[in-house]
Every structure is written in C-alpha cells, then in structure tokens.
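> Dropping a structure here in structure tokens format, bear with me for questions.
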Amino acid sequence: MSCLQKEITLSSKPRGFHLVTNEVLKHIPEIKNFSVGVAHIFIKHTSASLSINENADPTVRDNMETHFNVMVPEDANYYQHTFEGLDDMTSHIKTSIIGSSVTLPIKNGSFNLGTWQGIYLCEHRNHGGSRRLVVTISGELKA
Amino acid sequence: MSCLQKEITLSSKPRGFHLVTNEVLKHIPEIKNFSVGVAHIFIKHTSASLSINENADPTVRDNMETHFNVMVPEDANYYQHTFEGLDDMTSHIKTSIIGSSVTLPIKNGSFNLGTWQGIYLCEHRNHGGSRRLVVTISGELKA
Amino acid sequence: MSCLQKEITLSSKPRGFHLVTNEVLKHIPEIKNFSVGVAHIFIKHTSASLSINENADPTVRDNMETHFNVMVPEDANYYQHTFEGLDDMTSHIKTSIIGSSVTLPIKNGSFNLGTWQGIYLCEHRNHGGSRRLVVTISGELKA
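Chains as they are written, first to last, in this note's numbering: chain A, 1 to 143; chain B, 1001 to 1143; chain C, 2001 to 2143.
What follows is the structure, encoded as structure tokens:
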C-alpha cells in the first residue's frame, strides 16, 4: 500500500451547497495510479463542511441550504458567540452536523461512487472565501 | 499493510433505522485475516445513510425514525425538489445529517466496537429497495 | 505503510462540548513516527460523539450544547426509550447527528489541522463517566 497527501484550494463560493467533485478531481490526478483504496478529504475550516449527496438537480442543493437555515436559525436568541456576525455560530453548528471530512472509496483510478453521488462543499458563511482541503489517498498502486 | 474492497448488497428494508452489523459481516469473511486496521463502509445512494448506534433496544431505532421525521418534516413548504415524492428531498437532507459512510476500527479479525454498538442502515425512503455498499478494509494482515 | 491501534480513555467530563485535542495527543506519542497518513478516532459509546470544530472561544462549545438541546429536546412526547433517563434517547440521537468518529490527516508527526480546529468530545449524558476511544493510525513511517 501507498499513501499520498496533497493540500488543495477550492475557489471562493457563495453561501450554499456546491457540487465540487470535478474541482477536487482536477487537483488530484495522482488518483489514477491507485487500483483500490480510500480518499480522505478534510476541510481545514470550522465554518464550512463536506458531504456526499445528489449530483443532478440544483434544487436539491438549494433546498439543503433552506432546510439547514431553518434547523439552525440565525435569529435564535441563545447565541453568545456573535462577534464575527450572525452567520458564524450557525456555521460552526452546521459544520458539526454535516462534518469536516468525507471518505470515498477508490477503484480503478477514480472515486467509486453511486451514479447520483457527488461531493458537496457546504459553504455556511456569507463570505467564506477560498477553502483549503487536505486530501489523503491510501491504497494499492496499480501494478 | 494490505487493502481489500468489496461491493455488497443489503436486502430491501422498510423506511426506518435497521441494525445490519451481522448482515454486513456475513458479506466480508475476509475481515478475519486482518489483525488491525479500519473498515470503511460506504453507501452508494443519496437517500439512505449509515450510522453507529445502540444495538439492543428496538425502540431506540423507532425513536430515531420519529425524531428525524420531526427534525426534517415532509410537510415543510419550502421544498422544490418534489417530483420523486415527498420522502425524497427529506431523504437527501437526512443523508447529509447522518452521513454516507462509517469507518470502524478492526482488531483481531473483527470490528472493534463498544458493547452496545452496531451498524445502522438508515432507510429514509418509503420504498428504497436493496442498497449497495462498498466496503474497503485497510490494515495489517495476520502473521 | 504501517498501521497502529491504541485504546485510550478520556477522563470523565460534564455534559457539554469539550476540547480534547491535547488530551488525545498525550495518549498517542507514536504519531510522531508518521510522516503522512490519517488518524481514525472512534468512540466506543452510543451516548457521546466526536467532532472537529473551533478551538478558541469557549462560548462556541456552550452554544453548541444549547443548540443541540433545542434541536433534540428532552421534553419531546414521542420517546419510548426512557428507562435510562430523559438524557439517554436524546444522547443516542445527537450521536447519530454528530458521529461516532473523526478522521484527521497526519503530516510530519502530528495532526494536519487548520489554525482554528480542534477535536471535540461531545458528552451528551448528564453523568457519562470516562469514555474509551480507539485510535487507529495508518500511514507512512518517517525514513
């Protein structure tokens, strides 16, 4: 087995859920060398998260954003951590709900995903800026 | 270290939370060859999820289902992605909350879980059908 | 690549979200031997969870606790699994929302985290006691 780690930067995105499978793959051409394994994708921030979800209909991403805003409302009266704006504490909460990393199986040099699956960058801040990820691939190299 | 990947199919289950530890283990007898490592279990769908939780009292799984239906209600008026039924968009949201994969430690040829832990298949659709999983085991083979 | 697994015990903590990065690191000095890889940290309980979040302002952890108590209320009338106390079923639900493990990238002998990131032990029980974790490190040893 072999292990490879790369730090990559995703371009700045507006608040919401974004499909980034291809943007991630563009940064890790080395995945082609692995026959089988896993890719661990980790975001080095606490106000944006990563998920796996539906890759086709953009309204799924829109409805995700709407639901998470209802489930973690900015106008709750119990937040004390507010000095970075009303969207900051809610971003931390959403990050712990969704998660800071995803792990994907690798097969034959690419992600082994279902037909309708893609990687989401979930940008919870109004102005989050570019986001840094650490991708660690562990697996068997092709013969 | 060695890495092994298998695709397995879990039988169709009704909507709800299901304990599937033994059904998963039945499909991966190769785990017995590993002395130490991790098993990454990934579901290739976006309307069902995987979790680790209590393995004894069935009312825990029932109450999980009830709570997630309250927290992600089907009668919310803001869903646009509705052409696959009212249970579809809520299934995508629940999947991002719970997660598309679990990673379990392996020790002495089996999962190294706590006494009360088991693997849950969380079936969020009314009629989800059978579900495909990718299991990737990475670790040290027994001597 | 090499793989190492240790079981460690975190000291008993009150209900709430706790920063435990240093407490975890103290138990795994072997991480220093790895140049690159991942650390999988797994909690062997179903009423406490692990997360990655903000490591600086304690009110973030307080507000997490408050929000999760609102999102998963103990006074809901639909819980049947109540014989272990009102804080038990809610603890199981919070655990499936937040997750039973975190996976962190390793680089140059330590976790490769963002500046503001730390490991949270999320203690959902009123009296959870000490908590057992399984840490599995997989990666390349330093030359």
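Backbone N, C-alpha and C define an ideal beta-carbon position, used for all residues, glycine too. As the structure is a computational prediction, the values presented were derived from the model and not from experiment.
#1: Report yes if the CB atom of alanine 2048 of chain C is closer than 8 Å to the CB atom of glycine 2118 of chain C, and no otherwise.
#2: By how many angstroms is the C-alpha of serine 1002 of chain B removed from the C-alpha of asparagine 69 of chain A?
#3: Going along the chain, which residues of the stretch 2064 to 2081 of chain C sit with their C-beta nearer than 9 Å to a C-beta in chain B?
#4: Note down, one range per segment and in chain order, each alpha helix (DSSP H) of at least 4 residues found wholly within the stretch 1051 to 1091 of chain B.
#5: Any idea if glutamate 2084 of chain C is buried or exposed, counting beta-carbon neighbours within 10 angstroms, 16 or more meaning buried?
#6: Can you tell me which residues form a DSSP beta bridge with lysine 2107 of chain C?
#7: Which one or two residues does DSSP pair with glycine 2118 of chain C in a beta bridge?
#8: Closest Cβ-Cβ distance between glycine 1109 of chain B and chain C: below 8 Å?
#9: Please check if any C-beta of chain C sits within less than 8 Å of the C-beta of histidine 124 of chain A.
#10: Would you say the stretch 2023 to 2043 of chain C touches the stretch 2094 to 2110 of chain C, given that touching needs at least three Cβ pairs under 8 Å?
#11: Run down chain C in chain order and give the residues with a C-beta less than 8 Å from the C-beta of isoleucine 97 of chain A.
#12: Using only the heavy atoms of the ligand PLP, determine whether one of them is closer than 7 Å to the beta carbon of isoleucine 28 of chain A.
#13: Let me know the secondary structure DSSP gives lysine 1044 of chain B once reduced to three states.
#14: Under 8 Å between the Cβ atoms of arginine 2061 of chain C and histidine 2124 of chain C?
#15: Looking at the secondary structure, which residues open and close the alpha helix (DSSP H) in which lysine 13 of chain A lies?
#16: Given that lysine 1094 of chain B touches chain A, what residues does it touch there, using C-beta distances under 7 Å?
#17: Please go through the same chain and pick out, in chain order, the residues whose beta-carbon is closer than 7 Å to the beta-carbon of asparagine 1108 of chain B, but skip the five residues on each side of it.
#18: Would a C-beta distance cut-off of 8 Å place threonine 21 of chain A and asparagine 55 of chain A closer than the cut-off?
#19: What residue range does the alpha helix (DSSP H) around glutamate 2140 of chain C cover?
#20: Determine the chain C residues that contact proline 1105 of chain B at a beta-carbon separation under 8 Å, and present them in chain order.
#21: Classify leucine 1004 of chain B: buried if its beta carbon has 16 or more other beta carbons within 10 angstroms, exposed otherwise.
#22: DSSP three-state call for serine 1100 of chain B: helix, strand or coil?
#23: How far does the alpha helix (DSSP H) with glutamate 1023 of chain B in it reach, from first residue to last?
#24: So the candidates are B/His1067, B/Val1135, B/Glu1140 and B/Met1071; which of them puts its Cα closest to the Cα of histidine 1027 of chain B?
#25: Could you tell me the distance, in whole angstroms, from the CA atom of tyrosine 2079 of chain C to the CA atom of serine 2096 of chain C?
#26: When DSSP builds the beta bridges, which residues end up paired with lysine 6 of chain A?
#27: Would you say serine 12 of chain A reaches chain C, if we count a Cβ-Cβ gap shorter than 8 Å as a contact?
#28: State yes or no: is the beta carbon of asparagine 2033 of chain C nearer than 8 Å to at least one beta carbon in chain A?
#29: Alpha carbon to alpha carbon, how far is glycine 99 of chain A from isoleucine 2052 of chain C?
#30: Taking 8 Å as the CB-CB limit, is histidine 2027 of chain C close to chain B?
#31: Identify the contact partners of leucine 1121 of chain B in chain C, using a Cβ-Cβ distance below 8 Å as the criterion.
#32: What number of angstroms, rounded off, separates the C-alpha of leucine 113 of chain A from the C-alpha of lysine 142 of chain A?
#33: When the distance is taken between beta carbons, is leucine 2050 of chain C closer than 8 Å to cysteine 2122 of chain C?
#34: Would asparagine 77 of chain A be called buried (16 or more neighbouring beta carbons within 10 Å of its own) or exposed?
To lay it out plainly:
#1: Locating residue 2048 of chain C in the third sequence gives position 48, counting from the first residue. Locating residue 2118 of chain C in the third sequence gives position 118, counting from the first residue. Cβ distance not < 8 Å, so alanine 2048 of chain C and glycine 2118 of chain C don't count as in contact.
#2: What you label residue 69 of chain A is simply residue 69 of the first sequence in a count that begins at 1. What you label residue 1002 of chain B is simply residue 2 of the second sequence in a count that begins at 1. Taking the Cα positions, asparagine 69 of chain A is about 43 Å away from serine 1002 of chain B.
#3: Residues passing the 9 Å Cβ filter: Met2071, Val2072, Ala2076, Tyr2078, Tyr2079, Gln2080 and His2081.
#4: Counting only runs of 4 or more residues that sit fully inside the stretch 1051 to 1091 of chain B, the alpha helix (DSSP H) segments are 1058 to 1071, in chain order.
#5: The count along the third sequence starts at 1 and reaches residue 2084 of chain C at position 84. Burial is judged here by how many other beta carbons sit within 10 angstroms of a residue's own beta carbon; glutamate 2084 of chain C has fewer than 16 and is exposed.
#6: Against the third sequence, residue 2107 of chain C aligns to sequence position 107. Answer is C/Val2036 and C/Ser2110, bridged to lysine 2107 of chain C.
#7: The residue labelled residue 2118 of chain C in the question sits at position 118 within the third sequence. For glycine 2118 of chain C, the beta-bridge partners assigned by DSSP are C/Asn2053.
#8: For this step, residue 1109 of chain B is matched to residue 109 along the second sequence. Chain C, which has no Cβ nearer than 8 Å to the Cβ of glycine 1109 of chain B, makes this no.
#9: Here residue 124 of chain A corresponds to residue number 124 of the first sequence, with the count starting at 1. Not closer than 8 Å to any Cβ of chain C, the Cβ of histidine 124 of chain A fails to qualify, so no.
#10: Taking 8 Å as the limit for Cβ pairs, the verdict is that the stretch 2094 to 2110 of chain C does touch the stretch 2023 to 2043 of chain C.
#11: Numbered from its first residue, the first sequence carries residue 97 of chain A at position 97. Taking the beta carbon of isoleucine 97 of chain A as reference, the chain C residues within 8 Å of it are Ile2097 and Ile2098, listed in sequence order.
#12: Although the ligand PLP was asked about, the structure shown includes no ligands whatsoever.
#13: As a working mapping, residue 1044 of chain B is identified with position 44 in the second sequence. The three-state reading of DSSP puts lysine 1044 of chain B in coil, since its state is none of H, G, I, E or B.
#14: One-based indexing of the third sequence puts residue 2061 of chain C at position 61. One-based indexing of the third sequence puts residue 2124 of chain C at position 124. Not a contact, by the Cβ cut-off of 8 Å.
#15: Residue 13 of chain A sits at position 13 when you count from the first residue of the first sequence. First-last for lysine 13 of chain A: undefined, no H or E at that position.
#16: As a first step, residue 1094 of chain B is located in the second sequence; it is residue number 94 there, counting from the start. Neighbours of lysine 1094 of chain B on chain A: none; closest Cβ ~10 Å, over 7 Å.
#17: Residue numbering aside, residue 1108 of chain B sits at position 108 when the second sequence is read from its first letter. Closer than 7 Å at Cβ, skipping near neighbours: Ser1035.
#18: Translated into the one-based positions of the first sequence, residue 21 of chain A becomes position 21. Translated into the one-based positions of the first sequence, residue 55 of chain A becomes position 55. Cβ distance < 8 Å, so threonine 21 of chain A and asparagine 55 of chain A count as in contact.
#19: Taking the first residue of the third sequence as position 1, residue 2140 of chain C is located at position 140. In the DSSP annotation of this structure, glutamate 2140 of chain C is not part of any alpha helix (DSSP H); the continuous beta strand (DSSP E) holding it starts and ends at 2131 to 2141.
#20: Your numbering for residue 1105 of chain B matches position 105 in the second sequence. Chain-order list of chain C residues neighbouring proline 1105 of chain B: Gln2005, His2040, Phe2042, Val2134 and Thr2136, by C-beta distance under 8 Å.
#21: Against the second sequence, residue 1004 of chain B aligns to sequence position 4. It counts as buried.
#22: What you label residue 1100 of chain B is simply residue 100 of the second sequence in a count that begins at 1. Serine 1100 of chain B: coil per DSSP, three-state reduction.
#23: Mapped onto the second sequence, residue 1023 of chain B falls at position 23. From DSSP, the alpha helix (DSSP H) with glutamate 1023 of chain B extends over 1021 to 1027.
#24: Residue 1027 of chain B sits at position 27 when you count from the first residue of the second sequence. Among B/His1067, B/Val1135, B/Glu1140 and B/Met1071, the Cα nearest to that of histidine 1027 of chain B is on B/Val1135.
#25: As a working note, residue 2079 of chain C is residue 79 in the third sequence. As a working note, residue 2096 of chain C is residue 96 in the third sequence. Tyrosine 2079 of chain C and serine 2096 of chain C: Cα-Cα distance of roughly 16 Å.
#26: In the first sequence, residue 6 of chain A corresponds to position 6, counting from 1. For lysine 6 of chain A, which the question treats as bridged, DSSP gives the partners A/Val135.
#27: Locating residue 12 of chain A in the first sequence gives position 12, where the first residue counts as 1. So no, serine 12 of chain A is outside the interface.
#28: The sequence position of residue 2033 of chain C within the third sequence is 33, counting from 1. Taking Cβ atoms only, chain A never reaches closer than 8 Å to asparagine 2033 of chain C, which makes this a no.
#29: Taking the first residue of the first sequence as position 1, residue 99 of chain A is located at position 99. Taking the first residue of the third sequence as position 1, residue 2052 of chain C is located at position 52. Going by the C-alpha atoms only, they are around 8 Å apart.
#30: Reading the third sequence from its first residue, position 27 is the one you call residue 2027 of chain C. Contacts with chain B at 8 Å (Cβ-Cβ) do not include histidine 2027 of chain C.
#31: If you number the second sequence from 1, residue 1121 of chain B lands on position 121. When 8 Å is used as the limit between beta carbons, leucine 1121 of chain B is near no residue of chain C, the shortest such separation being about 12 Å.
#32: Along the first sequence, read from residue 1 onward, the residue named residue 113 of chain A stands at position 113. Along the first sequence, read from residue 1 onward, the residue named residue 142 of chain A stands at position 142. Cα to Cα, leucine 113 of chain A sits roughly 19 Å from lysine 142 of chain A.
#33: Along the third sequence, one-based indexing puts residue 2122 of chain C at 122. Along the third sequence, one-based indexing puts residue 2050 of chain C at 50. Closer than 8 Å, so yes.
#34: Along the first sequence, read from residue 1 onward, the residue named residue 77 of chain A stands at position 77. When all chains shown are included, asparagine 77 of chain A counts as exposed.
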